[in-house]
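Down below is the structure, laid out as structure tokens.
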Amino acid sequence: KYKKGHFVSPFVYKMNHNQESRVLNEEVFAPHVAIIPVKDLEEAIAVYNSTPYGLSCSVITEDYRKAKEIRDRCEYGLGYVNLPTIGAEVHLPFGGVKKSGTGLPSASTLIDVVTHRTAWTINYGEEIKMAQGLKSEV
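Take the sequence shown: its letters are residues 1 to 138, numbered as in the UniProt record's numbering.
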């Protein structure tokens, strides 16, 4: 049925951090989520940055100081606070870091070549409002 590719059904799984794990070393554009328990913010940042990829980062928190620390220390192209990482913000720069791309495909100035620009979206509300008419319940 899928002669020209592979199909992956959506799934969520829980695992201990293992840097050699295949799911942490291959980029998959499919709806799957690895839940990796960590003891604190320091370990969470270390685990996040240990992957060779860096397209997007999302954090769910009420502590905006910790969100700022994640924003400043994690390696990603698109960042979100209290929002999903759907990449539907067409008005913002889109691109990843490390093996998740070659930067921003629509870079128009030299500064984009010699620096790393990120897009960061924070939801201060109590409900999720998604782009492009998508809906979600908390």
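The C-beta atom is built at its ideal place from N, Cα and C for all residues, glycine as well. As the structure is a computational prediction, the values presented were derived from the model and not from experiment.
Between the CA atoms of residue j and residue i - distance to the nearest angstrom
i: alanine 44; j: histidine 116; result: 22 Å
i: threonine 85; j: serine 21; result: 22 Å
i: histidine 6; j: phenylalanine 29; result: 11 Å
i: lysine 3; j: valine 33; result: 26 Å
i: glycine 95; j: threonine 118; result: 8 Å
Contact under 8 Å by Cβ, residue i with residue j
i: alanine 46; j: valine 59; result: no
i: glycine 54; j: tyrosine 80; result: no
i: proline 31; j: proline 10; result: yes
i: glutamate 27; j: lysine 99; result: yes
i: arginine 65; j: tryptophan 120; result: no
For residue i, the first and last residue of its enclosing beta strand (DSSP E)
i: alanine 119; result: 119-122
i: residue 167; result: Residue 167 is absent from the model: the chain starts at 1 and stops at 138.
Environment of residue i [buried if 16+ CB atoms lie within 10 Å]
i: asparagine 82; result: buried
i: residue 144; result: Since the displayed the chain opens at 1 and closes at 138, residue 144 lies outside it and no answer follows.
i: glycine 125; result: exposed
i: leucine 110; result: Residue confidence is low: leucine 110 scores 48 on pLDDT, short of 50, so the model does not pin down where it sits. Its coordinate-derived value is still stated next. So leucine 110 counts as exposed.
Integer-rounded CB distance, given that residue j should sit under 8 Å from residue i
i: serine 56; j: leucine 78; result: 4 Å
Limits of the alpha helix (DSSP H) - the one that residue i falls within
i: isoleucine 45; result: 41-49
i: isoleucine 70; result: 64-73
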